[in-house]
Amino acid sequence: MKPVKIVLIYQSLLGIYGDRGNATVLAKRLEWRGISAELEVVEPGDPIPSDAQLYLLGGGEDMAQISAANAITADGGLYRGLESGAVLFAVCAGYQICGNSYTVGDNDTVVAGLGLLDVDTRRAPERAVGEILTRWERPDGSQSLITGFENHGGHTTLGRGARPLAAVEIGVGNANDGTEGAVQGRVIGSYPHGPILARNPQLADHLLTMATDRDMSPLDDSAIDRLRSERIAHVRRGRK
Amino acid sequence: MAESAVPSWLSRSRLAVASAAGGLAAVASKAAGRGSGASIRGQVLLRLDPQALGKLLADRRIAVISGTNGKTTTTHLLAAAVRAGSGSETVVTNADGANLHGGIAAALVVAPAGGIAVLETDERVVGDVLRLGSPETLVLLNFSRDQLDRHHEIKALGRGWRQALELAGAAGPVVIANANDPLVVWSAGPARHTVWVDTGSGWLQDASLCPECGSMLTRDEVGRWDCPGCELTQPEARYRVEGDVVTDSNGATHRLDLQVPGRFNRANAACALAAAREMGIDVKAALAGMATVTSPAGRFATAHFGSCRARLLLAKNPAGWAESLPLVGTDPVVLAIDSAAADGRDVSWLWDVEFEQLVGRHVIATGPRARDLAVRLSYAGVRHTVVHDLGDALTDRADSVDVIATYTPFQKLRKLGGLT
Ligand SMILES: [Zn+2]
Numbered sequence: 562m563k564p565v566k567i568v569l570i571y572q573s574l575l576g577i578y579g580d581r582g583n584a585t586v587l588a589k590r591l592e593w594r595g596i597s598a599e600l601e602v603v604e605p606g607d608p609i610p611s612d613a614q615l616y617l618l619g620g621g622e623d624m625a626q627i628s629a630a631n632a633i634t635a636d637g638g639l640y641r642g643l644e645s646g647a648v649l650f651a652v653c654a655g656y657q658i659c660g661n662s663y664t665v666g667d668n669d670t671v672v673a674g675l676g677l678l679d680v681d682t683r684r685a686p687e688r689a690v691g692e693i694l695t696r697w698e699r700p701d702g703s704q705s706l707i708t709g710f711e712n713h714g715g716h717t718t719l720g721r722g723a724r725p726l727a728a729v730e731i732g733v734g735n736a737n738d739g740t741e742g743a744v745q746g747r748v749i750g751s752y753p754h755g756p757i758l759a760r761n762p763q764l765a766d767h768l769l770t771m772a773t774d775r776d777m778s779p780l781d782d783s784a785i786d787r788l789r790s791e792r793i794a795h796v797r798r799g800r801k
Numbered sequence: 526m527a528e529s530a531v532p533s534w535l536s537r538s539r540l541a542v543a544s545a546a547g548g549l550a551a552v553a554s555k556a557a558g559r560g561s562g563a564s565i566r567g568q569v570l571l572r573l574d575p576q577a578l579g580k581l582l583a584d585r586r587i588a589v590i591s592g593t594n595g596k597t598t599t600t601h602l603l604a605a606a607v608r609a610g611s612g613s614e615t616v617v618t619n620a621d622g623a624n625l626h627g628g629i630a631a632a633l634v635v636a637p638a639g640g641i642a643v644l645e646t647d648e649r650v651v652g653d654v655l656r657l658g659s660p661e662t663l664v665l666l667n668f669s670r671d672q673l674d675r676h677h678e679i680k681a682l683g684r685g686w687r688q689a690l691e692l693a694g695a696a697g698p699v700v701i702a703n704a705n706d707p708l709v710v711w712s713a714g715p716a717r718h719t720v721w722v723d724t725g726s727g728w729l730q731d732a733s734l735c736p737e738c739g740s741m742l743t744r745d746e747v748g749r750w751d752c753p754g755c756e757l758t759q760p761e762a763r764y765r766v767e768g769d770v771v772t773d774s775n776g777a778t779h780r781l782d783l784q785v786p787g788r789f790n791r792a793n794a795a796c797a798l799a800a801a802r803e804m805g806i807d808v809k810a811a812l813a814g815m816a817t818v819t820s821p822a823g824r825f826a827t828a829h830f831g832s833c834r835a836r837l838l839l840a841k842n843p844a845g846w847a848e849s850l851p852l853v854g855t856d857p858v859v860l861a862i863d864s865a866a867a868d869g870r871d872v873s874w875l876w877d878v879e880f881e882q883l884v885g886r887h888v889i890a891t892g893p894r895a896r897d898l899a900v901r902l903s904y905a906g907v908r909h910t911v912v913h914d915l916g917d918a919l920t921d922r923a924d925s926v927d928v929i930a931t932y933t934p935f936q937k938l939r940k941l942g943g944l945t
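Protein chains in written order, with this note's numbering: chain B, 562 to 801; chain U, 526 to 945.
Structure below.
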């Protein structure tokens, strides 16, 4: 069987918050189940392969966001991959550039996004920085908590084409409107950056199931469960 | 302007009163076991006399050291070099690493005016010290991601340095700067004169875009960077460091004889040597002075926890961890992680550190965020144990152990281990 191909797009531009961790987590969770995985880190100038099952975008500063979006559009590989049925998971600034438009700089210049999610991002009245806790509903109706850290200066509003990924219990999320992230077909965007998948293995396995069309057998996640309990208790305590 | 409206005798006596009050607060703070008291002393001083820093900086020869990593060690190296080579002039320095307005003021207030001040200065405070103190030398070490929950954009700090240097104009300092770091080179751009140091390649992950025009920087086969979109390019260096040898552009070589470990500290020492020479210090004396530096503000010091001897290394951000991890030689290794304000509240950076280097060794994960580290280590395939309490993680654990800690646990371990 061919290895599952995971592509981390432009780590040097969009990888400011440990976002490579998401790629590490996905590849390891396949490996631990005896499923071979191939992780490819693509930098600007290298072609983005169009034959991956899973693509990842991370966070970055304004200039990096624009450079990355321009290069992704010019390359075209990501679009071809998504047309062939791949999954894209984008966090933070990577989430913003997937939308119809976003703003950068002190003058709030509006920049066209990749058009992969029906969302628009504008500068927020104040920056959202801190632990975030959301409730994620799977397609089958079951729920899990997602724990993470958000750090973004934009508010994102969803159009008709996208639905929220999760409901916010604590934190800002999309626009202080109780929603977090966006899902549209096989594209998922989310604000909690960095290794959100490290703290939320159930989301990681959901992405892997979507990308491979295979059920993911349970792993020993006891150390992760202890971390999750600690973070969830911490953020709930902080709210009181 | 406000200051000139006040008679100078009044201004001076106000400083004297403020100094005395600050001194009392420092004694009280020290007695209460809250460290050196330098920050408290400085805070009290500046509250009583907001102009104090400017007055204290006046009438001295000043060298300023800034950058994301290595400030404290470089300050100790330069202070030692200047002490060894400046004869009878007094040398004052903020040796404890307190590098904000208060910490700098606290260091200066206990030294008489005149002489030379070698000042570690936080990246955000460089502009004020340039404006208030007209330093003759400014050392700019490096720029990398650090506590992004507080400083959202790395480049904003560089912009501040540029503005301060522009403002200083022809009266500005000679800048000693790291030619390998594009953001440093851009930040030093407006300086009236810059001495470039080729420190070898270091942390590149925050240096992919040109800070001037936003183009992707290119690197040639030896790692020299260049911008294809504008004039910004790696400058020709006056000094180059390779291993223990610093070569200047005349071909003269100088051998470093350091007690502080690691490639990174060789780079710091090369910058300190270049700065010392610009300040008129004899090279031999500078090298001899730097050779006496052992554990700047506790870095690389050995602490004792029962029968366990622990060497303490500080790493504050991914670039710092990249330099520290190759230095650890023991098995087990202790890694201490916190997310207090001084550590950065977001521990996502754990995933930017290549803990995979520790495969084959046992790690004791400790500190308030030990569980985050444990998950990171699992994914890196590194065997580990979580021991939440710092003291328990070390006491009687092994004969000797290397410890890498973020800022808050580092300071706690210094205290627990009897070093402060
Ligand atoms: Zn350029």
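C-beta atoms are modelled at their ideal positions from N, C-alpha and C, and glycine is treated no differently.
Everything numeric in this text was worked out from a predicted model, so none of it was measured.
- Runs of the beta strand (DSSP E) lying entirely within the stretch 712-736 of chain U, each at least 3 residues long, are 718-723 in chain order.
- Distances from the alpha-carbon of B/ARG581 to those of B/VAL602, B/GLY734 and B/PRO608 put B/VAL602 closest.
- Counting along the chain, B/PRO686 sits inside the beta strand (DSSP E) bounded by residues 680-698.
- For U/GLY831, the secondary structure class from DSSP, reduced to helix, strand or coil, is coil.
- Inter-residue distance for U/LEU783 and U/SER611 is about 20 Å (C-alpha atoms, whole angstroms).
- Looking at the backbone, the Cα of U/THR724 and that of U/ARG765 are separated by about 6 Å.
- Interface annotation for the stretch 634-661 of chain B against chain U: empty, criterion Cβ-Cβ distance under 8 Å.
- The residue among U/THR817, U/PRO857 and U/ALA844 with its C-alpha nearest the C-alpha of U/ARG834 is U/PRO857.
- In this model, B/ALA794 and U/LEU839 are separated by some 29 Å (Cα to Cα).
- If you check the C-beta of U/LEU898 against ligand 1, you find no heavy atom less than 6 Å away.
- According to DSSP, residue pairing for B/THR708 in a beta bridge involves B/LEU694.
- Neighbourhood of U/LEU850 in chain B, by CB distance below 9 Å: empty, with the nearest CB roughly 16 Å away.
- Under the Cβ distance rule, B/LYS563 does not count among the residues neighbouring chain U, no pair being separated by less than 7 Å.
- Distances from the CB of U/SER740 to the heavy atoms of ligand 1 include at least one below 6 Å.
- Fully contained in the stretch 835-883 of chain U are the following alpha helix (DSSP H) runs of length 4 or more, in chain order: 843-849.
- Taking 6 Å as the cut-off, one finds no heavy atom of ligand 1 near enough to the beta carbon of U/GLY627.
- U/LEU944: not part of any alpha helix (DSSP H); DSSP gives it neither H nor E.
- Within 7 Å of the CB of U/GLY739, the CB atoms of chain B belong to MET624 and SER628, in sequence order along the chain.
- Residue side-chain check: U/CYS752 places its Cβ nearer than 6 Å to a non-hydrogen atom of ligand 1.
- Taking a beta-carbon distance threshold of 7 Å, B/THR585 counts as an interface residue toward chain U.
- Annotation: U/ALA895 to U/LEU902 spans about 10 Å, alpha carbon to alpha carbon.
- In the structure shown, the three-state DSSP call for B/LYS566 is strand.
- Under the 8 Å Cβ criterion, the stretch 684-694 of chain U does not count as touching the stretch 739-753 of chain U, having fewer than three qualifying pairs.
- By the neighbour-count criterion, in which 16 or more other beta carbons inside 10 Å mark a residue as buried, U/HIS626 falls on the buried side.
- Rounded to whole angstroms, B/ALA673 and B/THR664 show a C-alpha spacing of 9 Å.
- With respect to chain B, the C-beta atom of U/VAL900 has a partner C-beta closer than 7 Å.
- Taking a 10 Å sphere around the C-beta of B/GLN704, we find fewer than 16 other C-beta atoms and assign the residue as exposed.
- By the Cβ criterion, the stretch 719-731 of chain B is in contact with the stretch 694-704 of chain B, since at least three pairs of Cβ atoms, one from each stretch, lie closer than 8 Å.
- By the Cβ test, the stretch 623-634 of chain B is not in contact with the stretch 581-598 of chain B, since fewer than three Cβ pairs between them sit closer than 8 Å.
- According to the DSSP assignment, U/GLN576 belongs to no alpha helix (DSSP H), since it is labelled neither H nor E.
- Using beta-carbon distances, B/ILE596 does not count as an interface residue toward chain U, since no partner is under 7 Å.
- In the three-state DSSP reduction, B/MET624 falls in the helix class (H, G or I).
- One alpha carbon belongs to B/ARG683, the other to U/THR827, and they sit about 51 Å apart.
- A Cβ of chain B is located within less than 7 Å of the beta carbon of U/TRP874.
- Nearest CB-CB separation between B/PRO762 and chain U: not below the 7 Å threshold.
- CA-CA distance, U/ALA792 to U/ARG780, rounds to 13 Å.
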